[in-house]
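In what follows, a structure is listed as structure tokens, so that the remarks can point back to it.
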Amino acid sequence: REGGSHDEDECHVGNGGAYGPITMSYQGARMTLRPWDPKACIIAAGVCNHFVNWPIQPGSWVFVVDCSLNTLSHIADIVGPKGRLTGIVDRDQANEHTEAQRRRFYKKYPFAVLATCD
Numbered sequence: 170r171e172g173g174s175h176d177e178d179e180c181h182v183g184n185g186g187a188y189g190p191i192t193m194s195y196q197g198a199r200m201t202l203r204p205w206d207p208k209a210c211i212i213a214a215g216v217c218n219h220f221v222n223w224p225i226q227p228g229s230w231v232f233v234v235d236c237s238l239n240t241l242s243h244i245a246d247i248v249g250p251k252g253r254l255t256g257i258v259d260r261d262q263a264n265e266h267t268e269a270q271r272r273r274f275y276k277k278y279p280f281a282v283l284a285t286c287d
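Numbering follows this note's numbering, in which position 29 of the sequence shown is assigned residue number 198; successive positions increment by one, without gaps.
Written out as structure tokens, the structure reads:
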């Protein structure tokens, strides 16, 4: 790295470094990178298969049907607080998420809405 050492620059690997989130800060900006499993997340699968035309951008308004809460959180990370995310979850899949998981999701992504359909 050029420019010498900066005290506020750091890198922290969660979960002992075994595929956990990596939190970094550089010149006052802080970010967390989370691993994406292509077998559990359709977006990760698209990236691994060289999906080039990426329609989801920061600030986008995105409507998603039948995705896991994990995939929805990845999309929410991309659109950010200036974007909007509406996720439609099948009633059978909705039972896979606990109420506590949904509360954490809403707390972290207040710009997201989840709806359940039959």
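Even glycine gets a Cβ: it sits at the ideal position worked out from N, Cα and C.
- DSSP places ASP259 in the uninterrupted beta strand (DSSP E) bounded by 253–259.
- A Cβ-Cβ distance of about 3 Å is found for the pair TRP205 and ALA213, placing them in contact under the 8 Å criterion.
- When rounded, the separation of the alpha-carbon atoms in HIS266 and ILE257 is 13 Å.
- Under the 10 Å beta carbon count, GLY252 is surrounded by 16 or more other beta carbons and is classified as buried.
- DSSP places ARG271 inside the alpha helix (DSSP H), whose first and last residues are 268–277.
- As for any beta strand (DSSP E) of minimum length 3 sitting wholly inside the stretch 196–239, the runs are 198–202, 230–234, ordered along the chain.
- Counting the other CB atoms within 10 Å of its CB gives THR240 a total of 16 or more, which places it among the buried residues.
- The alpha-carbon separation between PRO207 and GLY215 amounts to approximately 8 Å.
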